[in-house]
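**Student:** For the protein sequence lines, the chains are A and B, in the order given.
First residue of the first sequence: 1, per our numbering; consecutive thereafter.
First residue of the second sequence: 1001, per our numbering; consecutive thereafter.
Cβ coordinates follow ideal geometry from the N, Cα and C atoms, glycine included.
No experiment lies behind these values; they were computed from the predicted model shown.
Protein chains: 2
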Amino acid sequence: MYCGFTQPRDSLCVWTFRATHNIQDVVTDCLSLFFSLSLSIDVGTWRSKALADSTEVMKISESIKTEDAATLSVNPSTAYRMLADFTTLSEGDVVIQNGANSAVGQAVIQLAALRGITTINIIRDDGDYDETVQHLKNLGATIVCTADYMGSAKFKELISDLPAPKLALNCVGGQTSLEMAKVLANKGVHVTYGGMSKRAVSVSTSALIFRDITLKGFWLTQWTKDSTVEERAAMLSELADLVEAGKLRTWIQTYKFANFDDALHAAVNRTTKRKVVLLME
Amino acid sequence: MYCGFTQPRDSLCVWTFRATHNIQDVVTDCLSLFFSLSLSIDVGTWRSKALADSTEVMKISESIKTEDAATLSVNPSTAYRMLADFTTLSEGDVVIQNGANSAVGQAVIQLAALRGITTINIIRDDGDYDETVQHLKNLGATIVCTADYMGSAKFKELISDLPAPKLALNCVGGQTSLEMAKVLANKGVHVTYGGMSKRAVSVSTSALIFRDITLKGFWLTQWTKDSTVEERAAMLSELADLVEAGKLRTWIQTYKFANFDDALHAAVNRTTKRKVVLLME
Chain A
1 MYCGFTQPRD SLCVWTFRAT HNIQDVVTDC LSLFFSLSLS IDVGTWRSKA
51 LADSTEVMKI SESIKTEDAA TLSVNPSTAY RMLADFTTLS EGDVVIQNGA
101 NSAVGQAVIQ LAALRGITTI NIIRDDGDYD ETVQHLKNLG ATIVCTADYM
151 GSAKFKELIS DLPAPKLALN CVGGQTSLEM AKVLANKGVH VTYGGMSKRA
201 VSVSTSALIF RDITLKGFWL TQWTKDSTVE ERAAMLSELA DLVEAGKLRT
251 WIQTYKFANF DDALHAAVNR TTKRKVVLLM E
Chain B
1001 MYCGFTQPRD SLCVWTFRAT HNIQDVVTDC LSLFFSLSLS IDVGTWRSKA
1051 LADSTEVMKI SESIKTEDAA TLSVNPSTAY RMLADFTTLS EGDVVIQNGA
1101 NSAVGQAVIQ LAALRGITTI NIIRDDGDYD ETVQHLKNLG ATIVCTADYM
1151 GSAKFKELIS DLPAPKLALN CVGGQTSLEM AKVLANKGVH VTYGGMSKRA
1201 VSVSTSALIF RDITLKGFWL TQWTKDSTVE ERAAMLSELA DLVEAGKLRT
1251 WIQTYKFANF DDALHAAVNR TTKRKVVLLM E
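Right, here's the structure in full:
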């Protein structure tokens, strides 16, 4: 059994999320083993055995790497739903997002690019800026810039040839969420799924009244609770196919369980921009 | 011809809005006169004659006072639409609003009370606080308090016996709009129709993500453009009936056209909380 855990923010707690399993399918395959994803929430990551209804797990290709499978139902799923559930996006439409180098942000870039959707990606200007820009461009990002640049006249010029974004994805809050709301198209939707700056989400009165933009929030856990097994399976199947085809990648750093301390150190102290995954093998 | 004008905010400009007319209906009544409301935008207030299609005006009872008719298609209409278009409200539901002593706020209180909807009304603590509270209570307000009080533990206790509000109406922005978002029910809707504090609308990340609240804006002018003549006539007819029955009142101060300077002074310097209406008779 394997597990992925995300970067803890403020404490040393470890957030376990989803697990992939090798499952004995006693009903249909008579003790044959298959590689699977759990379709329900928190089925239990820190365990070596679990009893699950056959509708609660989904068989996936063993050619998908464990670490990709372990994170598939978290970040790429969040990206998938936010691109699907808030507005209708077609080829040529524009999406703007902050925290674009997050695992969700990287999935947004790739899923959007596959559909011909332009992405404007806002990141922090840290020591690895050039590397991050190059990485996001390689994934299919159209524009990558810093939050400071977004407030400038040059930024307005840069995006002036593009259609105004129909969708803004916010995992930061504060000033960059306000700036994204400013450039949204009339009737655009602004979706918050995180608050890394720990600042409230702000939007101008005029954007709400005169441009009819909408602010919403997204929480994958709630979506998972509200959705049917069929809906979850359809989404994960599509994402797994993209991973297998090499069209959806996640920036991951793996550690063996024996190196738990190193993994925790990397995650807590953010010595890596990659998603830290612990392989319990 | 008569006109109502609203309080200018930052300049001495006079905002003319809607007009009531005595109209010669040459088609159906052969030069009979009737008292009417315009159903379209800006048909022209500062004029004594206008040619209108019969579908663009609506006959209303002459027992409605001119000043009520002149403001009917602005503030009460805004209140009507905000109560109707953003969520489903039933008897016993709760609506919270700031700027509750505005003309829109007063209409919200009355329209809500007529349907058994509880209102929590936030106002500024100015010199006429007691008078304002009494006036709003007389109109049917359930709770009236100041913006400062809203942030207190006592406020939370005060509203703890009520269902959480399904709808928040914001014409102020800044801190009070944030506080209103905090007390909204899960899946509640927060509608901005003004920004009197000139501060951005803020909302916590957690309210968006974990309580699935939505922020929207409302602009009556846009609604009027988007709606059909039939929709506008149905709403105004219902509002006019309520006014005629004494169930919907507006706090108005009228001036004759000869006292234009006094009217302008009252409106610009806010020497009155009432809506200033100029009677061009």
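1) List, from N- to C-terminal side, the beta strand (DSSP E) runs of 3 residues or more that fit wholly inside the stretch 140-198 of chain A.
2) Check whether chain A comes within 8 Å of B/Tyr1193, counting only Cβ atoms and requiring the distance to be less than that.
3) Closest Cβ-Cβ distance between B/Ser1032 and chain A: below 8 Å?
4) Just how far apart, CA to CA, sit A/Gly116 and B/Gly1217?
5) Going by DSSP, name the residue or residues bridged to A/Val203.
6) Select from the stretch 1215-1237 of chain B all residues with a C-beta closer than 8 Å to any C-beta belonging to chain A, and list them in chain order.
7) With H, G and I counted as helix, E and B as strand and the rest as coil, what does DSSP make of A/Val74?
8) Tell me, please, whether the CB atom of B/Ala1200 is closer than 8 Å to any CB atom in chain A?
9) Compare the beta carbon distance of A/Ser77 and A/Met196 with 8 Å and say whether it is the shorter of the two.
10) To the nearest angstrom, report how far apart B/Ala1200 and A/Leu248 are at their CA atoms.
11) Under a Cβ-count criterion, where at least 16 other Cβ atoms within 10 Å of its own Cβ denotes burial, should A/Thr71 be classed as buried or exposed?
12) Does A/Phe260 pass the burial test, meaning 16 or more other C-beta atoms within 10 Å, or should it be called exposed?
13) Is the beta carbon of A/Lys273 closer than 8 Å to that of A/Thr132?
14) By alpha-carbon positions, which one of A/Ala113, A/Asp148, A/Leu114 and A/Gln106 ends up nearest to A/Asp126?
15) Can a CB atom of chain B be found closer than 8 Å to the CB of A/Thr205?
16) For B/Lys1275, count the other beta carbons within 10 Å of its own beta carbon; 16 or more makes it buried, fewer makes it exposed. Which is it?
17) Can you tell me whether B/Ile1122 is helix, strand or coil according to DSSP?
18) Can you pull the chain A neighbours of B/Leu1208, defined as C-beta to C-beta under 8 Å?
19) Any contact between the stretch 1101-1117 of chain B and the stretch 1129-1143 of chain B? By contact I mean 3 or more CB pairs, one from each, below 8 Å.
20) Cα-Cα, which of A/Thr221, A/Ser177, A/Ser73 and A/Gly188 is closest to A/Asn121?
21) Near A/Leu242, what residues of its chain come up, given a Cβ to Cβ distance below 7 Å and the 5 sequence neighbours on each side ignored?
22) Give the residues of chain D in contact with A/Gly151, contact being defined as C-beta atoms less than 7 Å apart.
23) Check whether chain A comes within 8 Å of B/Val1026, counting only Cβ atoms and requiring the distance to be less than that.
24) Are the C-beta of B/Asp1148 and some C-beta of chain A separated by less than 8 Å?
25) In three-state terms, what does DSSP make of A/Thr87?
26) Answer with buried or exposed for A/Lys166, where buried requires no fewer than 16 other C-beta atoms within 10 angstroms of its C-beta.
27) So with Cβ pairs under 8 Å, would you call B/Asp1212 a contact of chain A?
28) Are A/Thr214 and A/Gln106 close, meaning C-beta to C-beta below 8 Å?
29) Kindly indicate if chain B contains any beta-carbon less than 8 Å away from that of A/Gly173.
30) Is A/Leu169 close to chain B? Criterion is C-beta to C-beta, closer than 8 Å.
31) Assuming B/Leu1169 and B/Val1191 make a contact with CB atoms under 8 Å, what is their CB distance in whole Å?
32) Using the beta-carbon of each residue, which ones in chain A are nearer than 7 Å to B/Leu1178?
33) Quick one: what does DSSP say B/Ile1109 is sitting in, helix, strand or coil?
**Tutor:** Let me lay it out:
1) Listed in chain order, they are 143-146, 167-170 and 189-192.
2) Between B/Tyr1193 and chain A, the shortest Cβ-Cβ separation is below 8 Å.
3) At B/Ser1032, the pLDDT of 46 sits below 50, so the modelled position is not reliable and the matter cannot be decided from this model.
4) Taking the straight line from one Cα to the other gives about 30 Å.
5) For A/Val203, which the question treats as bridged, DSSP gives the partners B/Val1201.
6) Answer in chain order: Leu1215, Lys1216, Gly1217, Phe1218, Trp1219 and Gln1222.
7) Shown here, A/Val74 sits in coil according to DSSP, grouped into three states, outside any helix or strand.
8) By the rule that beta-carbons nearer than 8 Å mark a contact, B/Ala1200 touches chain A.
9) Taking 8 Å as the Cβ cut-off, A/Ser77 and A/Met196 do not qualify as a contacting pair.
10) Distance from the CA of B/Ala1200 to the CA of A/Leu248, rounded to the nearest whole angstrom, comes to 38 Å.
11) In this structure A/Thr71 is buried. Its beta-carbon is surrounded by 16 or more other beta-carbon atoms within 10 angstroms.
12) When all chains shown are included, A/Phe260 counts as exposed.
13) Result yes, Cβ atoms of A/Thr132 and A/Lys273 sit closer than 8 Å.
14) Ranking A/Ala113, A/Asp148, A/Leu114 and A/Gln106 by Cα distance to A/Asp126 puts A/Asp148 first.
15) The C-beta of A/Thr205 comes closer than 8 Å to at least one C-beta of chain B.
16) Residue burial is scored here from C-beta neighbours: B/Lys1275 has at least 16 other C-beta atoms within 10 angstroms and is therefore classed as buried.
17) In the three-state DSSP reduction, B/Ile1122 falls in the strand class (E or B).
18) Taking the beta carbon of B/Leu1208 as reference, the chain A residues within 8 Å of it are Thr192, Val201, Leu215, Lys216 and Gly217, listed in sequence order.
19) Short answer: they touch.
20) Of the candidates A/Thr221, A/Ser177, A/Ser73 and A/Gly188, the one whose C-alpha sits nearest the C-alpha of A/Asn121 is A/Ser177.
21) If we look at A/Leu242 and ignore the five residues flanking it on each side, its Cβ neighbours are Leu248.
22) The structure shown contains no chain D; its protein chains are A and B.
23) Interpretation of B/Val1026 is limited by its pLDDT of 47, a score under 50 that renders its predicted location unreliable; the figure taken from the coordinates is listed afterwards. Chain A, which has no Cβ nearer than 8 Å to the Cβ of B/Val1026, makes this no.
24) So no, B/Asp1148 is outside the interface.
25) Under the three-state reduction of DSSP output, A/Thr87 falls in the coil class, being neither helix nor strand.
26) A/Lys166 is buried by the Cβ-count criterion.
27) With its beta carbon less than 8 Å from one in chain A, B/Asp1212 belongs to the interface.
28) Result no, Cβ atoms of A/Thr214 and A/Gln106 do not sit closer than 8 Å.
29) Chain B contact via Cβ: present.
30) No - not a single Cβ of chain B is within 8 Å of the one on A/Leu169.
31) About 6 Å separates the two Cβ atoms, so the contact holds.
32) Ala200, listed in chain order.
33) In the structure shown, B/Ile1109 sits in a helix (DSSP, three-state: H, G or I).
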